[in-house]
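Chemist: The structure is given below, and queries will be raised subsequently.
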Amino acid sequence: MSTRSMSPEYKKALKNYRRSTQGKSDKAASDDWTAFRKAEKKYKAKFPPPSLDDVLDLSLLLKANNHLDNNDLVGRADVVQVEEIQCERNKRAFILPTIPGLVLLPSFLSEQEQQDLVQTALSDVARHSETNLHTHYDIPPRGLWDIYIDPASSKQLIPPKVVTEEADFASEPQGPRRLVDNPPVNVTNLAIINSVSKAPAPPSPGTSPSTASELLERLRWANLGYFYHWGTKSYDLRKTLIPIPERIQSTCKNVVRSIGWHAVWWNNDQIPGWDNETPDWQDWKRTYQPDAGIVNFYQSKDTLMGHVDRSEVSCTTPLVSISIGNSAIFLIGGQTRDVEPLPILLRSGDVIVMSGPFCRRAYHGIPKILPNTSPSKLFTDSKDNESSAYRSYLQSTRININVRQVFPRGYQFADIGLEGS
Numbered sequence: 117m118s119t120r121s122m123s124p125e126y127k128k129a130l131k132n133y134r135r136s137t138q139g140k141s142d143k144a145a146s147d148d149w150t151a152f153r154k155a156e157k158k159y160k161a162k163f164p165p166p167s168l169d170d171v172l173d174l175s176l177l178l179k180a181n182n183h184l185d186n187n188d189l190v191g192r193a194d195v196v197q198v199e200e201i202q203c204e205r206n207k208r209a210f211i212l213p214t215i216p217g218l219v220l221l222p223s224f225l226s227e228q229e230q231q232d233l234v235q236t237a238l239s240d241v242a243r244h245s246e247t248n249l250h251t252h253y254d255i256p257p258r259g260l261w262d263i264y265i266d267p268a269s270s271k272q273l274i275p276p277k278v279v280t281e282e283a284d285f286a287s288e289p290q291g292p293r294r295l296v297d298n299p300p301v302n303v304t305n306l307a308i309i310n311s312v313s314k315a316p317a318p319p320s321p322g323t324s325p326s327t328a329s330e331l332l333e334r335l336r337w338a339n340l341g342y343f344y345h346w347g348t349k350s351y352d353l354r355k356t357l358i359p360i361p362e363r364i365q366s367t368c369k370n371v372v373r374s375i376g377w378h379a380v381w382w383n384n385d386q387i388p389g390w391d392n393e394t395p396d397w398q399d400w401k402r403t404y405q406p407d408a409g410i411v412n413f414y415q416s417k418d419t420l421m422g423h424v425d426r427s428e429v430s431c432t433t434p435l436v437s438i439s440i441g442n443s444a445i446f447l448i449g450g451q452t453r454d455v456e457p458l459p460i461l462l463r464s465g466d467v468i469v470m471s472g473p474f475c476r477r478a479y480h481g482i483p484k485i486l487p488n489t490s491p492s493k494l495f496t497d498s499k500d501n502e503s504s505a506y507r508s509y510l511q512s513t514r515i516n517i518n519v520r521q522v523f524p525r526g527y528q529f530a531d532i533g534l535e536g537s
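Residue numbers (our numbering): 117 to 537.
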C-alpha cells in the first residue's frame, strides 16, 4: 500500500507499530509456540490488523445478507467443508465434519431476542449474581445498571470493599500468572476436588471509589447457577446456587430443541468418552437442563486464552454459547494445543453449540474482538433513556452468554456429601 493512499489514522498506527517493534523479534519465541498459540498471536495482532481471509463466516450463506451492517468485516464461507442440517424455527444450522459435535447457528436470535437478553444480562444477572467486581467493591443491592441509568445516582461513588481481620482469602501466587491445567472432573474425583479450599480472592489494595459508569467498563463476568471458582477452575458446590433467569434458560433450551441431532451424531457417536459411556444425544431435546453458566462482558481489547472446559461432570451434554454486540473471532482446535485451530467469525445473534466427547474437550478461545461491529439496529425502536444506555453500552461491548449442564441427569449428590436433585 502506498503511503499516499493511507488514511491519517492508518499512518499513525503504522508509525506507532514501527516504533514499538524496532529492534524486537518474536522469531525465537515463535519457534516454541504451539499451533494454537500461533493462531492466537496472529489474530490478537493490533497492527497490521489481521486478515479475515481464512476466517469461516457462515453469515455469508444467509439469504440476501440483509442482517449485515455496511461497516461489517467479512470472512469467507468456503474456508472448510460445512454441512447444513435440519433446524426448526425457520433457522439454519451447520456442522463441520472435522469437529464432530460443533453446531453453528448464524443469526439464530432475532433483534428482539437479543435485546431481551442484553436487558437480562445487565439489569438482572449483573445485579443478582457474583461478578468480578464484587471481589473489590461493595456493589449496592440495586445493581450497577440501575445506578448507571438513574440521573439522580449516576455520579454516586461506589466504595472499595473493606477488608476485616477475620476475612479468609486465597493466597496470591508470586511471579508471573500461571495457567491452571486441572485434570478433567469425573464421578470418581469430584469428591476430592469439592473438598479443596475455595477461599475468595483478596480485594486489590489499590482500589479507589468509582462511579457505576466507570465500573461497567471493568465488568468482565457474572456467574450463573453453580458457582464457578476461578482460582481453582472448579465449581464450589457448597455455595448457594444462583438461579439462571428464565429468559436465558428458555433460550438455551429452544436452541437445543431446534437442532436435528440425528444429523449431528448418526455417524459419529462411536467416539469414546460419553457420559456413563453411552451416547445420550437422542434424549437431549427432552432432558437438557442447564444448571451453570457465565455471562462474559468483553471490551474491545479483551481476549479469552485457549482452554478446555474440564470442570463439568457431564462433559458431553450441549454447551450453548450466545453472542450479542460486537463481533469476535473464535478459535476451536483439537484435543491438544498442537492442533491448528479453525477461526470462526461470530456476530451478534449467532449461537454455537459444543457437544459430545470430542468437541467439549477441544481447545477453544477468543483472541480478538472486532470493534465497531455491533449491529446499529439494536435498541433503536425507543428513544427513552434506558434504551439509549443499552445502545451506547453495546457499541463497545460483546456480551457472551454461555450455559452448560454440570451434572448428568439423575446424578446422586449424596455421593459427595451434598443434597441435590
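We put the CB at the ideal spot given by N, CA and C, even for glycine.
Using a threshold of 8 angstroms, state whether the C-beta atoms of residue 301 and residue 409 are closer than that.
Modeler: no
Chemist: Would you mind reading off the limits of the beta strand (DSSP E) that contains residue 446?
Modeler: 443–448
Chemist: Considering only the alpha carbon of each residue, which of 394, 155, 148, 124 lies closest to residue 449?
Modeler: 155
Chemist: Determine, using beta carbons only, whether residue 340 and residue 310 come nearer to each other than 8 angstroms.
Modeler: no
Chemist: Could you give the DSSP three-state label for residue 237: helix, strand or coil?
Modeler: helix
Chemist: Strictly by DSSP, which residues pair up with residue 421?
Modeler: Note: residue 421 sits in no beta bridge, so no partner.
Chemist: DSSP on residue 371, reduced to helix/strand/coil?
Modeler: helix
Chemist: Does the stretch 377–388 touch the stretch 464–482, meaning 3 or more C-beta pairs lie closer than 8 angstroms?
Modeler: yes
Chemist: Less than 8 angstroms between the beta carbons of residue 465 and residue 510, yes or no?
Modeler: no
Chemist: Alpha carbons only, please: which of 320, 159, 153, 147 is nearest the one belonging to residue 454?
Modeler: If we check each option's Cα against that of residue 454, 153 comes out closest.
Chemist: Which word fits residue 526, buried or exposed, when buried means at least 16 other C-beta atoms lie within 10 angstroms of its C-beta?
Modeler: exposed
Chemist: For a quick check, are the C-beta atoms of residue 402 and residue 217 less than 8 angstroms apart?
Modeler: No, the Cβ-Cβ distance between residue 402 and residue 217 is not below 8 angstroms.
Chemist: State the DSSP-derived secondary structure class of residue 131, mapped to helix, strand or coil.
Modeler: In the three-state scheme derived from DSSP, where H, G and I count as helix and E and B as strand, residue 131 is classed as helix.
Chemist: Would you mind giving the Cβ-Cβ distance between residue 253 and residue 329, rounded to the nearest angstrom? I have them listed as a contact below 8 angstroms.
Modeler: At roughly 14 angstroms, the Cβ-Cβ gap does not stay under 8 angstroms, so residue 253 and residue 329 are not in contact.
Chemist: For residue 537, count neighbouring Cβ atoms within 10 angstroms of its own Cβ and tell me buried if that reaches 16, exposed if not.
Modeler: Low confidence applies to residue 537: its pLDDT is 46, below 50, so where it sits in the model is not reliable, and the reading given next is rough at best. Residue 537 should be labelled exposed.
Chemist: With distances taken from CA atoms, which of 203, 412, 517, 148 is nearest residue 336?
Modeler: 412
Chemist: Taking 8 angstroms as the limit between beta carbons, can you name the residues of its chain near residue 278, skipping five residues before and five after?
Modeler: Once the five neighbours on either side are set aside, the close Cβ partners of residue 278 are 254.
Chemist: Does the stretch 317–327 come close enough to the stretch 206–223 that 3 or more CB-CB pairs lie under 8 angstroms?
Modeler: Fewer than three pairs of CB atoms, one per stretch, sit closer than 8 angstroms, so the stretch 206–223 makes no contact with the stretch 317–327.
Chemist: Taking the straight line between their C-alpha atoms, what separation do you get for residue 262 and residue 239?
Modeler: Roughly 7 angstroms between the two C-alpha positions.
Chemist: On the three-state DSSP scale, how would you describe residue 437?
Modeler: It is a strand residue.
Chemist: Could you tell me the distance, in whole angstroms, from the CA atom of residue 390 to the CA atom of residue 507?
Modeler: Rounded to the nearest whole angstrom, the C-alpha separation of residue 390 and residue 507 is 42 angstroms.
Chemist: Note down, in chain order, each residue of its chain lying with its Cβ closer than 6 angstroms to the Cβ of residue 500, except the 5 sequence neighbours on either side.
Modeler: none
Chemist: Any chance you could list the alpha helix (DSSP H) runs of at least 4 consecutive residues sitting entirely within the stretch 342–396, in chain order?
Modeler: Restricting attention to alpha helix (DSSP H) runs no shorter than 4 residues, the stretch 342–396 encloses them at 362–374, 377–381, ordered along the chain.
Chemist: Any idea which residues DSSP pairs residue 314 with across the strands?
Modeler: According to DSSP, which records beta bridges pairwise, residue 314 is partnered with nothing at all.
Chemist: CA-CA distance, residue 431 and residue 132?
Modeler: 45 angstroms
Chemist: With a threshold of 8 angstroms, are at least 3 pairs of Cβ atoms found where one atom belongs to the stretch 160–173 and the other to the stretch 189–204?
Modeler: yes
Chemist: From this set, 331, 200, 326, 349, which residue's C-alpha is nearest residue 313's C-alpha?
Modeler: 349
Chemist: Could you tell me the distance, in whole angstroms, from the CA atom of residue 177 to the CA atom of residue 318?
Modeler: 48 angstroms
Chemist: At a cut of 8 angstroms, does the stretch 480–498 reach the stretch 419–439 through at least three beta carbon pairs?
Modeler: yes
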